[in-house]
Every structure is written in C-alpha cells, then in structure tokens.
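Engineer: Note that UniProt numbering has the sequence shown beginning at 1, numbered continuously upward. All residues carry an ideal CB built from backbone N, CA and C; glycine is no exception. None of these values were measured; they are calculated from a predicted model. Structure in structure tokens, see below.
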Amino acid sequence: MSHTLTRPAVAEAPARPRRSRATRRERGVGLSMVAPAVILLLLFLVVPALLGLGLSFTNARLISPEAPRFVGLDNFVRAFTSDPTFVASVRNTVVFALFIVPFQAGLGLVLAILVNQKIRGATAFRVIFFAPVVTSIVVVSVLWKFLYQKEGLVNAAIDWVTFGAWSGADWLNNPSTALGAIIVLSIWQAVGFHMLIWLSGLQTISEELYEAARMDGAGLWRQFTAVTWPGLRSTRVFVLIQITIAALSLFVQVDVMTQGGPMNSTTTLVYHAVRQGFRNQETGYGSALSLIFFAAVILVTLLQAYLTRNKESER
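Structure, rendered in structure tokens:
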C-alpha cells in the first residue's frame, strides 16, 4: 500500500499589503513636503508667466475702466517699428553684455588662479574679493552713486593721481560715460562670485596633471592651455551662461543710479519693460517687451551652450 505525501500549502504572509501601506504613507509624506514648494512655484512663476504671455497680445492697462482687448501682434510691431526707446534699450543691453561677459569672466578666472596658490593670506583675499557679492546690490548702487558724483571720491582720486590735470567727469549725468560707469560697478560687485566658481573648478583638477606637464618641460602658459583650460570646460560653460543671463537682466543698478538716463543712454530692455508696464501702466506692452526679452535670453543661452559644447565627446 503506497502512501502519497503531499506538501502542505504555505499560506502567503500579508507582507505585500503592509509594504504597500508603508509605501503609500511614505509617498504621502513626500508629497506633503513637496506641495508647499510646488504651490509657490505655480503661484509666483508659472501663473505670472502664463498671465504675461496672455497680456502681451492685449492692450491691457494697469488701472483702466475698460476691459483689455485682444490686439494680436500690435505690441510687438510697435516695439520694432515705432519705439525708439526699445531700440536704444536693446543696444545698451547688448553693449553691457559684450563688456560684462569677457571682463567679468576673465578677471574672475585671474583672481581664482591667484587665490588658488598655496601662499599665506590666500583665504583673506578670497573673503575680500567675495565681500561685495554678499552686499545688497541696492546698497552697492547707492554707494557708487555717491562715489560717481561730481565732487565724489572717484573724481577726487583722479584729481590726485593726475596732479590736478584732470578733475574727472560727471559720470552718471553724461550720456557718454553713464553706461560705462555702471559696467565698472557691475564688474566690481559680481567678480567675486565668479572667482569662487572658477576656484571650485580649479580645485577639481588633479595636481598630478601639472606635475606631468612640468616634467615634460611645460611653462606656466603651456600648463594653463594644456591642463587648466581644458579642465575647466564644465565650469566655463556655467560661468559664461550665468554671466550672460545676469548681464541681459540688468535692472537694479539702472533703477537706483540713473533711472534710464541721461537721454536713455542707460535704459536696458528689462528696465524699459518694467517702466512701461508699471510706471506708464501699459501692462500689455510691458508684457510684450518681457516676452521679447525672454525669447532673446533663450536664444543667446542656446547659442552659447552650442558654441561651448564638448566637441570631442560628440565624435
């Protein structure tokens, strides 16, 4: 008589429901933590952007008893054909960026190389160069506005250096010098930040590469071109794009120091958009100018990223 042994069925442990409940609980906690940030982004970034996009095609005014009316591309046609201030603001913005980007990036790199040396006092110099960055740009602009006055410290220093041969100029009230004065201020205020970014990139380059270059007889310039500059590719892309966006967004210095004058010589695209949208209450036209600015920044950033791409990795 044969007996057949059967293996008793093993009951499945109720681990899956418990795990799923724990997963749902963790997901709920995560969503509750993310929700405030998402709500703030929607309220203060996405909604205003969509609202500005819609208003740019209307004749909306900030305070008006009449309802906004759809005008199509009239605001954009006005900007490019019948608004000389817009043309001046674009020219000033381009000139500002052309000076700011190379000088701020180049000077920041030079300072980063200097403070990266193993010498006494390097940390103190880092703090000194970075101090203007942590100071409010409004405070810095007010201080430099006093320095640039006709009887200010800048002219006093020029008069002392030239032994009275030249007493300087009325920097902010002269159309030929006002934008240049703002350029100098902007470079001084932000170069410390980019110095630190360059410095972080320099410290990722292995010292062994420099030792190998020195063993091959490479001088300082050859070490820079063969080791330092290629090693800073990622840092270089970030610095150039960040400086370009900041340069195109120039507003605070102009608003505090010159209010766009004299004779619109310092009016920038962002300042013109804000002035039209709020001070002149032309919300629709100001939104159109903001949309033009946004498109310009996107195009310039994409072009810059393309030109600074890593060509070797694409091969």
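Please classify F129 as buried or exposed, where buried requires at least 16 other C-beta atoms within 10 Å of its C-beta.
Structural biologist: buried
Engineer: Check whether the Cβ atoms of A79 and F70 lie closer than 9 Å to each other.
Structural biologist: no
Engineer: Which same chain residues, not among the five before or five after L199, have their C-beta less than 8 Å away from its C-beta?
Structural biologist: A112, V115, N116, R126, listed in sequence order.
Engineer: Please tell me whether L62 and E207 are closer than 9 Å, where the distance is taken between their beta carbons.
Structural biologist: no
Engineer: Taking the alpha carbon of T93 as the point to measure from, which residue in G217, V270, I39 has its own alpha carbon closest?
Structural biologist: V270
Engineer: Closest by CA to I100, which one among T308, L143, A247?
Structural biologist: A247
Engineer: Based on Cα-Cα distance, which residue from A178, E151, S234, F294 lies nearest to Q259?
Structural biologist: A178
Engineer: Can you check DSSP and say which residues form a bridge with T58?
Structural biologist: T58 is bridged to F70.
Engineer: Using a Cβ-Cβ cut-off of 7 Å (strictly less than) and excluding sequence neighbours within five positions of A226, which residues of its own chain qualify?
Structural biologist: So the qualifying residues of the chain are A213, A218.
Engineer: Excluding the 5 residues preceding and the 5 following L147 in the sequence, name in chain order all residues of the same chain whose CB lies nearer than 8 Å to its CB.
Structural biologist: L153, V154
Engineer: Decide if W144 is buried, meaning its Cβ has at least 16 other Cβ atoms within 10 Å, or exposed.
Structural biologist: buried
Engineer: Mind checking whether T301 and I245 have CB atoms under 9 Å apart?
Structural biologist: yes
Engineer: Can you give the Cα-Cα distance for P36 and R24, rounded to whole angstroms?
Structural biologist: 19 Å
Engineer: State the Cα-Cα distance for the pair D255 and I39, rounded to the nearest angstrom.
Structural biologist: The alpha-carbon atoms of D255 and I39 are separated by roughly 31 Å.
Engineer: What three-state label does DSSP hand F193 in the structure shown?
Structural biologist: helix
Engineer: Taking only the alpha-carbon atoms, compute the straight-line gap between K118 and Y306 and give it to the nearest angstrom.
Structural biologist: 36 Å
Engineer: Applying the criterion that 16 or more other CB atoms from any shown protein chain within 10 Å of the CB defines a buried residue, is S20 buried or exposed?
Structural biologist: exposed
Engineer: If you reduce the DSSP assignment to three classes, tell me which class F103 lands in.
Structural biologist: helix
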